[in-house]
Amino acid sequence: MKRRDFIAVLAAAPALPVAAEQERGTQAPRPKPVTVTLLGTGTPAPSLVRASSGYLLEVGSDVIVWDHGPSAHHRLQESGHRAVDVTHVFFTHLHYDHCMDYGPLVLQRWDQGADRIPDLQVYGPPPLARMTEQLFGADGIYGPDVRARCEHRSSLDVFEARGGKLPRKRPAPRVTEIHAGSVVEGSGWKITVGHAQHVEPYLECLALRLDTQEGSLCYTGDSGATDSIVELAKGCDMLIHMNHYFSGTEPSPAYRAACGNHRDNALTAKRAGVKVLVLVHLLDQIDQPGIREQIVHEIQQVFDGKVVWGEDLMRLGLSGARVQAIESRRG
Numbered sequence: 013m014k015r016r017d018f019i020a021v022l023a024a025a026p027a028l029p030v031a032a033e034q035e036r037g038t039q040a041p042r043p044k045p046v047t048v049t050l051l052g053t054g055t056p057a058p059s060l061v062r063a064s065s066g067y068l069l070e071v072g073s074d075v076i077v078w079d080h081g082p083s084a085h086h087r088l089q090e091s092g093h094r095a096v097d098v099t100h101v102f103f104t105h106l107h108y109d110h111c112m113d114y115g116p117l118v119l120q121r122w123d124q125g126a127d128r129i130p131d132l133q134v135y136g137p138p139p140l141a142r143m144t145e146q147l148f149g150a151d152g153i154y155g156p157d158v159r160a161r162c163e164h165r166s167s168l169d170v171f172e173a174r175g176g177k178l179p180r181k182r183p184a185p186r187v188t189e190i191h192a193g194s195v196v197e198g199s200g201w202k203i204t205v206g207h208a209q210h211v212e213p214y215l216e217c218l219a220l221r222l223d224t225q226e227g228s229l230c231y232t233g234d235s236g237a238t239d240s241i242v243e244l245a246k247g248c249d250m251l252i253h254m255n256h257y258f259s260g261t262e263p264s265p266a267y268r269a270a271c272g273n274h275r276d277n278a279l280t281a282k283r284a285g286v287k288v289l290v291l292v293h294l295l296d297q298i299d300q301p302g303i304r305e306q307i308v309h310e311i312q313q314v315f316d317g318k319v320v321w322g323e324d325l326m327r328l329g330l331s332g333a334r335v336q337a338i339e340s341r342r343g
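Read left to right, the sequence shown gives residues 13 to 343 (my numbering).
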């Protein structure tokens, strides 16, 4: 079965009933649905089909990025958004396939924004603050570039043409380091941080849960099966879970503990009582006709909710505590 046909089958769902308005014209308009766009559903392996990890959440007036690996920034633009639209960034861990496009996001937002938009709010585990300084500080990797853009007349001409007022400020992301147990609140949303089981103690690895009036979703980051994910995702409308490989093919117990597989994920989703399980971080070896169908079938033997095979630029709408729409944009 072709990927497009497979996605269409999984995404198809009967229309959900909408309650009739009791007093048409007198009720306040419903809040905007929460929209989740899968920017990158692949792995560190280079791919023209799947970018590395990245997710875009539109919640009210905020545009939130969760992870931003290689090519995720390109997918952000393909989704119809620009760097200047992004208000918040959260990193689950600092593997390069989850954070390599942090640089382009910050620099393009700073350059195109021309000091006319608020500083980017950035959250993630240590050493995110040190990494940010090493990238964008005066002595950082991009330090000479930033200095030239802040001081050379030709760059200042462009800055002023974009509406900037001299003197030009350096990029200054507002970094907050977070840990399991941290809670970040925004306008109409709350993000709770949990523990992910991946490559500790070398990297601190986190999972994220978003709660809004329209529903809730949990993203595991990279994680194998663990009780902490079950607790964080409890009762969520959507669980976005690393599904790296085919169960039973792991080379070691450590690999299984660190990387999600389909049978473990089915049990996690069932125990958490989620409604929709979205599979991401997919190795090319399992992203094949026949294998995809087998994985979904075996998950559905355990988990009775909807299973979605994630694709780059797939959009999922969350409204009224339901996943109301699943739109696949790629073949």
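For glycine and all other residues, C-beta sits at the position ideal for the given N, C-alpha and C.
Secondary structure of MET112 (DSSP, three-state): coil. In the three-state reduction of the DSSP assignment, VAL61 falls in the coil class. By the Cβ-count criterion, GLY227 is buried, with 16 or more other Cβ atoms from all chains shown falling within 10 Å of its own Cβ.
ASN277 sits in a helix when the DSSP states are folded into three classes. Among the bridge pairs identified by DSSP, SER331 is matched with ARG334. Per DSSP, the unbroken beta strand (DSSP E) holding ILE76 starts and ends at 74 to 80. Where LEU69 is concerned, the enclosing beta strand (DSSP E) starts and stops at 66 to 71. The beta strand (DSSP E) runs lying completely inside the region 117 to 204 and spanning 3 residues or more are 133 to 136, 186 to 189, 195 to 198, given in chain order.
Listed in chain order, the non-local C-beta contacts of HIS309 below 6 angstroms within the same chain number zero, local neighbours out to five positions each way being set aside. Across the structure, VAL196 and ILE241 are spaced so that their CA atoms are roughly 18 angstroms apart.
Sixteen is the threshold: since fewer than 16 other Cβ atoms of the shown chains lie within 10 Å of the Cβ of GLU339, the residue is exposed.
As DSSP reads the structure, CYS230 sits in a beta bridge with ARG221, LEU251.
If you ignore the 5 residues before and after TYR231, its C-beta comes within less than 6 angstroms of the C-beta of TRP78, LEU220, ILE252, all in its own chain and listed in chain order.
Residue nearest to GLY285 within the set GLY247, THR49, GLY260 is GLY247 (criterion: CA-CA distance). Taking a C-beta distance under 8 angstroms as the contact criterion, ALA63 and GLY72 do not qualify as a contact pair. By alpha-carbon distance to ARG161, the top candidate from ALA173, ARG174, ARG182 is ARG182. Straight through space, the alpha carbons of LYS287 and TYR154 are spaced by roughly 44 angstroms.
For VAL118, the closest alpha carbon among the candidates GLU189, MET143, GLU90, GLN300 is that of MET143. By the Cβ test, the region 290 to 298 is in contact with the region 254 to 264, since at least three Cβ pairs between them sit closer than 8 angstroms.
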